[in-house]
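In our numbering, the protein residues as written are 1399 to 1606. One structure is given below, encoded as structure tokens.
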């Protein structure tokens, strides 16, 4: 079960071939201000997602698809529909997993490691992950996007995460691509599409 959880936490991005350049200090401050201000306005978010898990020993990435539901600040559901039915719910300080009918749970409040990873996931999806106490952050841009690259400072997190990359397409204030790179340089990438903000989500969606 823990293996599946960490595979989930190992998020993603689509490889960016465009030339990257560093943002200026003014661009960084404006970017952070915009994202943080907009993320505070997000009460709910739903989106379709495509997830790519890339591992060095596989010839092709493992591709999964599904739908994400987010209720700020802490309730979230990943509903995988392809290639198998699998869902993970974060709610009330716990992770609930339903793997094709096999249910299990993890208490986040009793496991600081999972609790921190949960915060990282919520922050990645909402785009609000700019705490310099937890990360060394580099900001770059391309002609079509702005990217925040976060390297964790916390020892326990560094065991599983080498770098998180959050990509915001120009004109959008919510994250469109997330890439989570492991210390081995294997990575997970997720592309969010059909995003919908602040629409009512039935409370039952977050029930285990």
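Using N, Cα and C, we set each Cβ at its ideal position, and we do this for glycine too. Keep in mind that this is a model prediction, so the values were computed, not measured.
#1: So residue 1445 is in the beta strand (DSSP E); what residue range does that whole segment cover?
#2: Taking residue 1428 as part of the alpha helix (DSSP H), name the residues at either end of that continuous run.
#3: Just how far apart, CA to CA, sit residue 1447 and residue 1576?
#4: Hey, residue 1501 and residue 1495 are a contact pair by Cβ (cut 8 angstroms); roughly how many whole angstroms apart?
#5: With the cut-off set at 8 angstroms, would you say residue 1443 and residue 1572 are in Cβ contact?
#6: Given this structure, state the Cα-to-Cα distance separating residue 1417 from residue 1560, to the nearest angstrom.
#7: Looking at the structure shown, is residue 1518 part of a helix, part of a strand, or coil, going by DSSP?
#8: Quick check: what's the CA-CA separation for residue 1459 versus residue 1586?
#9: Indicate the three-state DSSP secondary structure (helix, strand or coil) for residue 1558 in the structure shown.
#10: Which stretch, first to last residue, makes up the beta strand (DSSP E) that contains residue 1530?
From the atom records:
#1: 1442-1452
#2: 1423-1438
#3: 11 angstroms
#4: 7 angstroms
#5: yes
#6: 22 angstroms
#7: helix
#8: 9 angstroms
#9: coil
#10: Run containing residue 1530: none; DSSP gives neither H nor E here.
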